[in-house]
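Chains as they are written, first to last, in the UniProt record's numbering: chain A, 1 to 228; chain B, 1 to 228.
The beta carbon of each residue, even a glycine, is placed where N, CA and C say it ideally should be.
Here is the structure we will look at, set down as structure tokens.
There are 2 protein chains.
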Amino acid sequence: MAPEELDAASGETAGPEPAPGTRRPGGRTARTRASVLEAALAELVEHGYADTRIDRIAGRAGVAATTVYRRWGSLENIVVDLAEHLAVSITLRADAALEEHLRTVARAVVALHGDPAHRAWLRAMVSAAAGSPKAQEALSAVLANRREITSVAVTEAVARGEVPPGTDPYEVIRATVAPLYLRMYITGEPVGPAEADRAAAAAALAARAGLYAPDRTAAEGPGGAEGS
Amino acid sequence: MAPEELDAASGETAGPEPAPGTRRPGGRTARTRASVLEAALAELVEHGYADTRIDRIAGRAGVAATTVYRRWGSLENIVVDLAEHLAVSITLRADAALEEHLRTVARAVVALHGDPAHRAWLRAMVSAAAGSPKAQEALSAVLANRREITSVAVTEAVARGEVPPGTDPYEVIRATVAPLYLRMYITGEPVGPAEADRAAAAAALAARAGLYAPDRTAAEGPGGAEGS
């Protein structure tokens, strides 16, 4: 939906007409989106995914409920949109060993879990993802973002001979975060730096042993069961 | 709630009075429970967790909706109760190496995911667990059941000197299933025997390296962030 439609739907006046063909980055539409997403986050923290209502989000954001319904359509879509809003940048040292990189990523994941807004959002994502391909895609994108960060570290580790050529960064990052996600969002067990470091150590060990390199995958043949 | 109350609530007649102090295992109450749980499973397969309704479950099971509400109270409780109903026994060879044991468990997890009823149930569990301590507990119990199976294998591996003394079977099984759960229930990516075997290999490797033995845990100190 175009920003103009959004303003029309919200009943706001359009303000001074921009020159034809120009955009208004950071203008009213962007501000409305930010208010709604912040309001959604606050509602998720207070009520949890199952009890968060769009009308309350709209009320908290100070916009008409129709604005929220027309732009996002459902709470699920708002939660997915929060992924971009909450994107986190992780900076890695250029010369560190793979395990140190993974430890940085794993500790960041655990630290984010300590932030109530992030925890509420990721809980909502996991809850939605169990039944929604769209939420699954958004969660995959979160991991893919971490994979980009990890790609550099894996490439360097290959150059150093620390891990075999062709090691898949996505497999490495999946292995790093999986035990943390299991505790945080499935079994609800506590996580801390110790769990982060252990997950990083295990993933680095498997990567060094070549478990995430293509030879291994090719030797195993195609996977079986349907997964979505 | 006592079985007698359940029968009263369902409006069923009580049948011949059992002798005082006797139970009726496999009697009407057990059959009602089984029908409701089977109906719930069928509804979860058809509609998914978010769109499964208790009145439809009751209709399919041929019992009054009040029976279901009084016994379980909520869909979440029905889903948790399904954990026991769907318990799976995995048999391991007595003399196998740890990695072979873990491969058996991992492949069983993947195979269950190929079964629509199990998949629908576990999706419902994961969806509920993101916001519900009760569902988290039930999922932990599912893992604990697999830990029992793995305990024997870990004990034997310690005796053979394959893994260090004190290796925690729960950590080993968590490491084995975590990458599979991540794909199956969070990112929705496909899983098959290849993923199962890789997860088992990585977990066995980390166990052999002593990552799940107490020395490591003690050296790291207590964990930090709250996790439920």
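- Looking at A:214, A:50 and A:203, the one whose alpha-carbon comes closest to that of residue 105 (chain A) is A:203.
- Between residue 201 (chain B) and residue 99 (chain B), the beta carbon gap of about 6 Å places them in contact (Cβ cut-off 8 Å).
- Neighbourhood of residue 92 (chain B) in chain A, by CB distance below 9 Å: empty, with the nearest CB roughly 21 Å away.
- In the same chain as residue 197 (chain B), and ignoring 5 residues on each side of it, the C-beta atoms closer than 8 Å to its own belong to 103, 106 and 107, in chain order.
- Judged by beta-carbon spacing, residue 37 (chain A) lies beyond the 8 Å limit of residue 124 (chain A), meaning their Cβ atoms are not closer than that value.
- The distance from the Cβ of residue 128 (chain B) to that of residue 79 (chain B) is about 6 Å, consistent with a contact at the 8 Å cut-off.
- Flagged as an interface residue toward chain A: residue 133 (chain B), by a C-beta distance shorter than 8 Å.
- Under the Cβ criterion of 8 Å, residue 182 (chain A) is counted among the residues facing chain B.
- Shown here, residue 211 (chain A) sits in coil according to DSSP, grouped into three states, outside any helix or strand.
- Between the beta-carbon of residue 121 (chain B) and that of residue 41 (chain B) there is about 6 Å, and that keeps the pair under the 8 Å contact cut.
- A check of alpha carbon separations from residue 192 (chain A) across A:81, A:110 and A:153 identifies A:110 as the nearest.
- Under the DSSP assignment, residue 186 (chain B) falls outside any alpha helix (DSSP H); it carries neither an H nor an E label.
- At least 8 Å separates the beta-carbon of residue 206 (chain A) from that of residue 162 (chain A).
- In this structure, A:173 is the residue among A:173, A:34 and A:70 with its C-alpha nearest to the C-alpha of residue 153 (chain A).
- Burial of residue 146 (chain A) is indicated by the presence of at least 16 other C-beta atoms within 10 angstroms of its C-beta.
- Beyond the five residues adjoining it in sequence on each side, residue 72 (chain B) comes within less than 7 Å, by CB distance, of 78 and 81 in the same chain, given in chain order.
- Secondary structure at residue 179 (chain B): helix, using DSSP grouped into helix, strand and coil.
- With a cutoff of 8 Å on beta-carbon distance, residue 35 (chain A) and residue 59 (chain A) are scored as not near each other.
- Under the DSSP assignment, residue 45 (chain B) falls in the alpha helix (DSSP H) whose first and last residues are 28 to 47.
- When C-beta distances to chain B are compared with 7 Å, the residues of the region 181 to 212 of chain A below that value are 181, 182, 183, 184, 185, 186, 187, 188, 189, 190, 191, 192, 193, 194, 195, 197, 198, 201, 202, 205, 206, 209 and 211, in chain order.
- Under the DSSP assignment, residue 51 (chain B) falls outside any alpha helix (DSSP H); it carries neither an H nor an E label.
- Between residue 164 (chain B) and residue 213 (chain B) a beta carbon distance of about 4 Å is seen, short of the 8 Å cut, so the two are scored as contacting.
- By the 16-neighbour rule on beta-carbons within 10 angstroms, residue 30 (chain A) is exposed.
- Chain-ordered, the chain A residues with CB closer than 8 Å to the CB of residue 50 (chain B) read 131.
- One alpha carbon belongs to residue 119 (chain B), the other to residue 115 (chain A), and they sit about 31 Å apart.
- Residue 141 (chain B) and residue 27 (chain A) have their alpha carbons spaced roughly 51 Å apart.
- When the beta-carbon positions are compared, residue 150 (chain A) and residue 158 (chain A) stay at least 8 Å from each other.
- Using a Cβ-Cβ cut-off of 8 Å, residue 127 (chain A) counts as an interface residue toward chain B, since at least one Cβ of chain B sits closer than that to its own.
- In this structure, DSSP gives residue 171 (chain A) a helical state, which the three-state scheme calls helix.
- Spatial neighbours of residue 55 (chain A) in its own chain (CB-CB distance under 7 Å, excluding positions within 5 residues in sequence) are listed in chain order as 65.
- Only residues of its own chain outside the window of five on either side were considered, and among them 118 and 121 have a CB closer than 7 Å to the CB of residue 86 (chain B), listed in chain order.
- With a threshold of 16 other beta carbon atoms within 10 Å, residue 84 (chain A) falls short and is exposed.
- A residue is called buried when at least 16 other Cβ atoms come within 10 angstroms of its Cβ; residue 155 (chain A) does not meet this threshold and is exposed.
- The distance from the Cβ of residue 48 (chain A) to that of residue 131 (chain B) is about 5 Å, consistent with a contact at the 8 Å cut-off.
- For the region 155 to 177 of chain B, residues whose beta-carbon sits nearer than 9 Å to a beta-carbon of chain A comprise 171, 174, 175 and 177.
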